[in-house]
Amino acid sequence: MCIIIMKMKNYTNKNLISFKQVDEYDSSSVYAPLVNAMRSYKENPCTGFHIPGHNRGQGVLKSFSSLIGMDALSLDTTDEFDNLGTLFPSTGAIDEAQKLASDAFGSKRTFFLTGGSTIANLALAFALTRPNDKIAIGRNCHRSVLSGMIISGANPQWIMPKKLDDWAIYGALSPVELREKLENDSNISLVWVTNPTYEGVVSDIEAISRVCHEFDVPLIVDEAHGCLWNFSDVLPKPALKCGADAVVHSLHKTGGSMTQSSMLHISQNSRFDVHKVEHALKLLHTTSPSLLLLTSLDAARAYLSSRVGRSAIENAIDNALYFRERASKISGVKVLNALSNVAFDVTKIFLKVDGLSGKRLESILELDFSIEIESASDEGILILSNIGNTQDEFDVLLNALEKIASSNYPDLAYLEGIKFMPLTAPRVVMTPREAYFSKKERVKKEDSIGRICAEVIALCPPGISVLLPGELITKEHLPYLSDFCEIDVLVK
Ligand SMILES: Cc1ncc(COP(=O)(O)O)c(C=O)c1O
9 MCIIIMKMKN YTNKNLISFK QVDEYDSSSV YAPLVNAMRS YKENPCTGFH IPGHNRGQGV
69 LKSFSSLIGM DALSLDTTDE FDNLGTLFPS TGAIDEAQKL ASDAFGSKRT FFLTGGSTIA
129 NLALAFALTR PNDKIAIGRN CHRSVLSGMI ISGANPQWIM PKKLDDWAIY GALSPVELRE
189 KLENDSNISL VWVTNPTYEG VVSDIEAISR VCHEFDVPLI VDEAHGCLWN FSDVLPKPAL
249 KCGADAVVHS LHKTGGSMTQ SSMLHISQNS RFDVHKVEHA LKLLHTTSPS LLLLTSLDAA
309 RAYLSSRVGR SAIENAIDNA LYFRERASKI SGVKVLNALS NVAFDVTKIF LKVDGLSGKR
369 LESILELDFS IEIESASDEG ILILSNIGNT QDEFDVLLNA LEKIASSNYP DLAYLEGIKF
429 MPLTAPRVVM TPREAYFSKK ERVKKEDSIG RICAEVIALC PPGISVLLPG ELITKEHLPY
489 LSDFCEIDVL VK
């Protein structure tokens with residue numbers, strides 16, 4: 009406790025300096041306390057005898073330090089030193105940065121995380137669900153939600169989102185079906201939905217939230233792919249403004265922070281106990297959070313809130329519209345554009361080329377055109393129009409697509425009979441936790457049909473499950489199991 013007080017005291021002194029530095033260091037005059045504190049840390053090095061042992065880059069392989077740069081290594085520290093604050097409990101510059109993020113997103117409390125949105129989902133499940141609690145969950149949820157169910161022992165009650173069959177992806181979740189579910193089972197104590205889908209399909213979260221409020225059931229929205237929405241009126245309305253109780257944001261996915269950094273928000277009128285969530289995070293989160301990652305969250309929040317950042321989002325939207333219009337005119341290319349009753353985040357562009365599977369198209373783009381896209385599925389590919397992309401880059405992609413669509417690229421024979429996007433409805437025999445901790449054996453996948461699965465099978469991306477512990481394995485699953493020779497099943 010003593011140490012914490014001292015740290016806070018020291019921090020306060022330095023904080024005065026960092027306030028003065030705002031204009032000097034941040035051209036858009038947006039205050040980023042953690043960025044400032046890290047600058048101060050870098051410019052005032054101490055003689056260090058502590059973790060991390062490389063001591064500001066002195067103890068690492070030369071080719072590694074020249075690769076990533078001594079600047080990055082000298083900033084590789086955790087939350088124990090030098091007036092940077094601590095994450096749990098939240099103090100100093102870290103605390104201030106979290107509060108600014110909370111203001112920017114309009115939450116009651118925002119937690120910075122260095123274990124991705126995975127740790128947010130695990131902590132929410134751990135904090136808010138108990139063994140056998142019935143939780144209504146969209147089946148297109150990320151595997152981290154399922155891992156959470158294994159940890160807590162809760163009993164998922166699946167809601168199947170609509171399917172966009174021509175595109176082999178999930179569509180939106182129906183508020184009407186959710187209402188039926190809640191009407192039919194008064195024991196459902198929580199609703200957990202993913203929005204948008206990985207491919208950018210948007211559910212009506214306002215309507216879903218209204219249903220949840222009507223039945224007084226709290227709502228978690230895994231908005232991992234929607235963190236930009238808060239900063240643009242053109243993009244869909246963020247769940248924090250639609251009545252959700254907790255919202256998960258992978259800032260590192262599209263918000264410009266560094267890989268693995270995420271935020272978990274508890275909304276202003278949340279029915280959840282913030283302290284419960286914080287306790288769960290304390291139990292699950294690393295005790296050595298990377299200050300580089302935390303600082304990148306502060307920087308991302310400041311950037312997205314700034315005039316420059318907002319215009320970067322506008323550019324991303326304009327580029328997406330520019331690309332969508334031109335790509336739709338290329339013969340043989342089909343872009344998933346507005347369909348009746350289907351809303352989209354325009355910055356996520358799903359398209360296909362006649363005669364090619366998504367996986368084949370992805371490999372042609374990569375091997376023949378040096379273009380990396382976000383992901384590929386059975387039917388198409390996912391392209392993200394990001395805050396870091398330029399229109400010129402979209403022209404490069406348009407040229408490549410024109411060439412591919414007018415050539416005779418054959419599809420790959422080995423991909424026949426293989427599927428990637430699991431759209432199968434589960435046949436649940438027992439809860440994920442019950443099956444996970446039951447006696448298991450490993451069998452050849454061909455011999456697993458008719459057996460009960462004992463492991464999570466959900467390949468990333470998008471991390472949507474093919475099979476979960478406790479679900480019956482059927483012939484329908486085989487095309488999705490090409491990466492597996494053997495599977496864990498329950499002993500008969
Ligand atoms: C919807 C969704 N939620 C959560 C996660 C986990 O996020 P992270 O990779 O930041 O741990 C992902 C990852 O792809 C995701 O797509």
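Using our numbering, the first residue of the sequence shown is number 9, and each one after it goes up by one. Glycine included, every Cβ here is placed at the ideal spot set by N, Cα and C. Quick caveat, the model's predicted, so the values are computed rather than measured.
Less than 7 Å between the beta carbons of residue i and residue j, yes or no?
i, j, result
"S211", "L186", "no"
"M266", "S304", "yes"
"P204", "G161", "no"
"V225", "V199", "yes"
"S98", "S275", "no"
"F223", "D253", "no"
"T439", "G478", "yes"
"I216", "K142", "no"
"A131", "L289", "yes"
"V499", "S456", "no"
"A308", "V43", "no"
"N192", "G156", "no"
"L95", "D87", "yes"
"P164", "N148", "no"
"G179", "V209", "yes"
List the residues that DSSP assigns as beta-bridge partners of residue i.
i, result
"C461", "V497"
"M271", "F120 and H257"
"R138", "According to DSSP, R138 bridges with nothing at all."
"F352", "V209"
"G146", "I167"
"E374", "Partner(s): none; E374 has no beta bridge."
"W200", "I145 and I228"
"L475", "I465"
Once you ignore the five residues that flank residue i on each side, which residues in its own chain have a CB closer than 8 Å to its CB?
i, result
"L489", "K453, I465, V474 and I495"
"L236", "L243, T262, G263, L312, I321, A324, T355 and I395"
"L369", "K360, V361, A384, G388, I389 and I412"
"V68", "H62 and L81"
"V437", "A443, I460, G478, E479 and L480"
"R318", "F239, S240 and L312"
"L172", "Y178, G179, V209, L344, L347 and V350"
Given the structure, does residue i come close to ligand 1, in the sense that its CB is under 6 Å from one of the ligand's heavy atoms?
i, result
"A351", "no"
"S304", "no"
"H150", "yes"
"A180", "no"
"V258", "Contrary to the premise, residue 258 reads as Ser rather than Val in this sequence. Yes, ligand 1 has a heavy atom inside 6 Å of this Cβ."
"A232", "yes"
"G124", "yes"
"G458", "no"
"T202", "yes"
"S270", "yes"
"G471", "yes"
DSSP state of residue i, grouped into three classes?
i, result
"D34", "Any reading at D34 must be qualified, since the residue scores a pLDDT of 47, below 50, and its modelled position is unreliable; the value itself is stated next. DSSP places D34 in coil when its eight states are reduced to three."
"R117", "strand"
"Q29", "With a pLDDT of 40 at Q29, under the threshold of 50, the modelled position of this residue cannot be trusted, and the question is left open."
"K245", "coil"
"P297", "coil"
"K50", "helix"
"L489", "coil"
"D230", "strand"
"I357", "strand"
"L130", "helix"
"Q165", "strand"
"V343", "strand"
"T55", "coil"
"Y330", "helix"
"L312", "helix"
"E504", "The displayed coordinates of the chain run from 9 to 500. Any statement about residue 504 would go beyond what the structure contains."
"A433", "coil"
Quick one: what's got a C-beta closer than 7 Å to residue i's C-beta in the same chain, skipping five residues either side?
i, result
"P487", "G425, I426 and K427"
"L373", "I379, I381 and A408"
"V38", "A310, S313 and S314"
"G65", "S73, M78, L81 and S82"
"G123", "Q268, H293 and T294"
"F6", "Absent from the structure is residue 6, since the part of the chain shown begins at 9 and ends at 500."
"N327", "S393, N397, Q399 and F402"
Tell me which residues share the same chain as residue i and place their Cβ nearer than 6 Å to its Cβ, disregarding the 5 neighbours each side in the sequence.
i, result
"C220", "V199 and L227"
"E32", "The predicted position of E32 is uncertain, since its pLDDT is 41 and thus under 50; a value taken from the coordinates is nonetheless stated next. Here the set comprises nothing."
"F377", "A408"
"D230", "T202 and V256"
"D34", "For D34, the predicted model reports a pLDDT of 47, less than 50, meaning its position is unreliable; a value from the coordinates is still stated below. Here the set comprises nothing."
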